[in-house]
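Chains as they are written, first to last, in the working numbering: chain P, 1187 to 1726; chain H, -7 to 300.
Notes for the one structure printed next.
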């Protein structure tokens, strides 16, 4: 017994040290490195890189304007979809969920691709149907592409809130003769206000940080994110890029603080049976909601049909015909990059979930103080823009003893730690279901701390781990910002190949690659949903 | 007849949860639907409130058929088991919410709301958040919110289930008082016979979607019309088509039938005995101001058997 306990104690300590080390080295250090790059020159504090704020303040203004518009529109559409599903049958909900899922498993800039095909100078809708020749590039291009991309996550977030809505509140209001419009304005919307605020803020940060859509569709409309990207890619000026990333980071951290504040305000409404819902009278506001929601859904359907059509058709003398030629032509682009992408994403998915599990075990279940600090630090990749995190990796790991730049390892590490915040959230969410008494019983029966991790916590967070894996896999498959500076040109990942194809106007090939990415992610997502649901049925 | 339910039927996925139910209520009556969980009692309440569509039958309030009307068109208010209070509004805002749809001016509404707070002994609570209130206070806010619109009929779903024993007793008294103040008819559902016995004028006993018996508490207890009614309400000894309540077995000093005390349990105000008589066990209650019997002793009893 003594030897066993000693071995386990040693392993316990090793786990703690390992987790502490990786979080400090791969999350905190790169973060600090960006500040170092921007603020230190020749060993002294130096603010000259921030002078761009004087001459190029329009960059900040552009970023804020486009982020505000995107955040407003994507929240408005998401709210409409959320409220529509609130009144919909479970079958209709499933269909809408599938459509939302479609946009969530796509690379972030995919909207730009179809936007140009549909609304561009030679766009199918603007040129061929409406006979217009308008310039699609600029502010409204960015806003519409980002709105299309961000609305789904917001809608899913709001639907989660509405799912937990106490239905007796609505029934009470109805029995007091409240009409549908009043119920929505007086009861439903005020109660989900925290969720509305959260989705607005989330979209705001995401829009600020997104450089890919403005690069493709922004035209002359430059933002902080695109300028930071170009500073590295075109000018090789990393201090300038760092300074811009720090400026981008400021609103993000503010928004994150507000976000945490609103998250704490969450209504813990009881889940009541929904037998009696869906019979609200269809008046006034209800129709406005339906119009907005259907407009968005139609938009998604048109965009995605366009991608699928573009992948399988070509034009000859003005006639469109069905072909596999695009697919054959895309094979050279697909071959290596996709295998690499899938492999990296699987590794990132597994490791970020495992590290998340061990970290959460020590911080959330065992409540060790310094582990809670590490837990907080590991949330940073969630707050900072992707490019910020990518730059940090370049600055942190370009010299001995951690000279990793140019290797595949740095990309994998970046993917792992970029996903850690979401993994921790998902895992801790499923840990809330483990009762203190269960843990104490195990301890009482003589289980070592690591036995508890293996025999109690691991099996009981199984669904959380699974979900965390599939989320991390999908994000890694579709991410671009954090890895774009890290990937060696000969070792590209699928999203980067896709980004290049879209940037250079090869829309047909880009469509094929998009379709493949979407199919892979969609299958993983649906498969995990199936497995998780089956697991749940077995329990009940 | 104030409220009349005629042949009400409700199915969920082909499963009939309410089967051909009919009953009626007089004005100012307090009626309780009593039954085990899953007997269909809440479904009836939801059907009257207008929150579910019914599959057959009629609901007549004050001579008018209302089963086709929406919930908001019926002059009925409901107090839900979980109260359904609006957590983002204050106590007063909750209470006066319904007046908004009756074209009452905001100032008058506030005055009326304050009067309601007084009636419910909630004076000074108006500006508090409902989430800061105790269960009993939330219950009264929910009542006030329903009563302020002067409904013809008040429906209450398990009104006492979230309250502790002491609060239960005071809320029962509160409901009786409210009936006097507002002249209101009430229909409530519960699975707790004590709630039903304490305040209901008549009890509708339900089982598996059907009505077993409609009676006063007294007749339900003394003259149960079915084995279900007998078993569901109170304790009883059932033998060969006859029943005897445990408190109806009397120990006599002489004469009577011979029995033996097998076991006893102290229950506070009374003792519970298990006695053996003619090779069967019987449950017997004796108040604790009577002499305590010893286990194993021989006693003589009289029992008033009744036919089920």
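Ideal placement from N, C-alpha and C gives every residue a C-beta, glycine not left out.
Tell me the rounded alpha-carbon separation between residue i and residue j.
i: residue 1334/P; j: residue 1683/P; result: 22 Å
i: residue 1297/P; j: residue 1286/P; result: 14 Å
i: residue 46/H; j: residue 1641/P; result: 50 Å
i: residue 1256/P; j: residue 1541/P; result: 34 Å
i: residue 62/H; j: residue 42/H; result: 6 Å
i: residue 1346/P; j: residue 1681/P; result: 29 Å
i: residue 110/H; j: residue 132/H; result: 11 Å
i: residue 57/H; j: residue 17/H; result: 15 Å
i: residue 243/H; j: residue 229/H; result: 16 Å
i: residue 1229/P; j: residue 1348/P; result: 54 Å
i: residue 1585/P; j: residue 1608/P; result: 30 Å
i: residue 10/H; j: residue 148/H; result: 18 Å
i: residue 88/H; j: residue 102/H; result: 7 Å
i: residue 1202/P; j: residue 1208/P; result: 10 Å
i: residue 1260/P; j: residue 1480/P; result: 14 Å
i: residue 1571/P; j: residue 1435/P; result: 7 Å
i: residue -4/H; j: residue 53/H; result: 6 Å
i: residue 158/H; j: residue 127/H; result: 12 Å
i: residue 1618/P; j: residue 1550/P; result: 9 Å
i: residue 1516/P; j: residue 1579/P; result: 31 Å
i: residue 1552/P; j: residue 1206/P; result: 15 Å
i: residue 1655/P; j: residue 1539/P; result: 6 Å
Taking the beta carbon of residue i as the centre, do at least 16 other beta carbons fall within 10 Å, making it buried, or is it exposed?
i: residue 1321/P; result: exposed
i: residue 1459/P; result: Note on residue 1459/P: pLDDT 42, under 50, position unreliable in the model; the coordinate value appears next. Classification of residue 1459/P: exposed, given that the 10 Å Cβ count is below 16.
i: residue 1197/P; result: exposed
i: residue 1587/P; result: exposed
i: residue 1716/P; result: exposed
i: residue 1374/P; result: buried
i: residue 1400/P; result: buried
Assuming residue i contacts residue j (C-beta within less than 8 Å), just tell me the rounded distance between them.
i: residue 1496/P; j: residue 1693/P; result: 6 Å
i: residue 1592/P; j: residue 1674/P; result: 5 Å
i: residue 90/H; j: residue 141/H; result: 4 Å
i: residue 1712/P; j: residue 1653/P; result: About 13 Å; that fails the 8 Å criterion.
i: residue 1236/P; j: residue 1429/P; result: 5 Å
i: residue 191/H; j: residue 164/H; result: 5 Å
With H, G and I counted as helix, E and B as strand and the rest as coil, what does DSSP make of residue i?
i: residue 117/H; result: coil
i: residue 273/H; result: strand
i: residue 33/H; result: helix
i: residue -1/H; result: strand
i: residue -7/H; result: coil
i: residue 1247/P; result: helix
i: residue 86/H; result: helix
i: residue 1456/P; result: Note that residue 1456/P scores 40 on pLDDT, short of 50, meaning its location in the model is unreliable; the coordinates nonetheless yield the value given after this. Residue 1456/P falls in the coil class under three-state DSSP.
i: residue 292/H; result: strand
i: residue 1233/P; result: coil
i: residue 1690/P; result: coil
i: residue 69/H; result: strand
i: residue 75/H; result: coil
i: residue 10/H; result: strand
i: residue 1446/P; result: helix
i: residue 244/H; result: strand
i: residue 55/H; result: coil
Just checking residue i against the ligand FAD - is the residue's beta carbon closer than 7 Å to any of the ligand's heavy atoms?
i: residue 1231/P; result: The ligand FAD is not among the ligands present in this structure, which contains no ligands whatsoever.
Using a beta-carbon distance cut-off of less than 9 Å, what residues from the region -4 to 19 of chain H approach chain P? 4
Mind listing which residues of the region 1358 to 1371 of chain P have their C-beta closer than 8 Å to chain H's C-betas, in chain order? 1358, 1359, 1360, 1361, 1362, 1363, 1364, 1365 and 1368
Counting only Cβ-Cβ distances shorter than 7 Å, please list the residues of the region 1527 to 1540 of chain P near chain H, keeping chain order. none
Quick one, which residues of the region 61 to 74 of chain H are near chain P if we go by CB-CB under 7 Å, in chain order? 62, 63, 64, 68, 69, 70, 72 and 74
Between the region 136 to 155 of chain H and chain P, which residues of the former have a C-beta closer than 9 Å to a C-beta of the latter? 137, 138, 140, 141, 143, 147 and 149
Under 7 Å (Cβ pairs) to chain P, residues found in the region 204 to 231 of chain H: none
Return the residues of the region 1335 to 1353 of chain P that lie within a Cβ-Cβ distance of less than 7 Å from chain H, sorted by chain order. 1352
In the region 1464 to 1478 of chain P, which residues sit with their C-beta less than 7 Å from some C-beta in chain H, listed in chain order? 1467
For the region 1368 to 1402 of chain P, which residues have a beta carbon sitting closer than 8 Å to at least one beta carbon of chain H? 1368, 1372, 1373, 1376, 1377 and 1379
What are the residues in the region 1538 to 1557 of chain P lying within 7 Å of chain H by C-beta distance? none
Near-chain P residues of the region 32 to 55 of chain H - C-beta to any C-beta below 8 Å: 38, 41, 42, 43, 44 and 45
For the region 77 to 90 of chain H, which residues have a CB atom closer than 7 Å to at least one CB atom of chain P, in sequence order? 78, 79, 80, 89 and 90
Could you list the residues in the region 161 to 183 of chain H with a C-beta less than 8 Å from some C-beta on chain P, going in chain order? none
Short-range partners of chain P found in the region 244 to 270 of chain H, where Cβ spacing is below 7 Å: none
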